[in-house]
Structures are given as C-alpha cells and as structure tokens.
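Student:
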Amino acid sequence: MNEPRGIQTPPVQLTEPYGDLPTPDPNCPDCTAWVKVRDEARERQDYAAAAIASTELLLHNRKEASRREQATSPGDRP
Numbered sequence: 001m002n003e004p005r006g007i008q009t010p011p012v013q014l015t016e017p018y019g020d021l022p023t024p025d026p027n028c029p030d031c032t033a034w035v036k037v038r039d040e041a042r043e044r045q046d047y048a049a050a051a052i053a054s055t056e057l058l059l060h061n062r063k064e065a066s067r068r069e070q071a072t073s074p075g076d077r078p
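In structure tokens, the structure reads:
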C-alpha cells in the first residue's frame, strides 16, 4: 500500500510586520524576553506567535521611548 506523503514546505524568512524594529536595549529584561520569544517562534515557524512577539516588542519600545522623552523634556514642571 502506498502511504500518503506529507507536503514538505521549505522554511520562509519572516519579515517584521512593522518593518525594521529599533534595536532592543540589551540591558532591558522585557526587551530581551520579547526577542527570545520572537526568535524561538521563528525557529518553530510559528508565524502568529512571532508576529505577536514583534508587536509586543514594538509597543514596549514605543512606551520606553515615550518615558525617556517625558523624563528629559521640561514639560509642565514648576
């Protein structure tokens, strides 16, 4: 009997859903955790998890940039 063969697909290179992300801060535990999750998902070819991790990393980077900007701008301080 002939057994059905599974479809073999070659791995694809995932691109960032939002283009190139800013370089994550290597001293930030949140950045390194999201990078690890994203990279592990890519290795498993889990495209949804990789996209979610990339999105979370982008949001985290934006939040940190906003915090840094608020800390350095004079703003409405007395």
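For the sequence shown, UniProt numbering begins at 1 and goes up steadily by one.
Glycine included, every Cβ here is placed at the ideal spot set by N, Cα and C.
1) Suppose the cutoff is 8 Å on Cβ atoms and the five residues either side in sequence are ignored; what does the same chain contact list for K36 look like?
2) With C-beta atoms as the reference, is D30 less than 7 Å away from H60?
3) Quick one: residues in its chain with C-beta nearer than 6 Å to the C-beta of A49, no 5 flanking neighbours on either side, listed in chain order?
4) For S73, which three-state DSSP category applies?
5) Report the option in D46, R68, I52 whose CA atom is closest to the CA atom of W34.
6) If you count every other CB in all the chains shown that lies within 10 Å of the CB of S73, and 16 or more means buried, which is it?
7) Between R38 and the rest of its own chain, which residues show a CB-CB distance below 6 Å, the 5 nearest in sequence each way excluded?
Tutor: This is what the structure holds:
1) none
2) Contact: yes.
3) A41
4) coil
5) I52
6) exposed
7) A50, A53, S54
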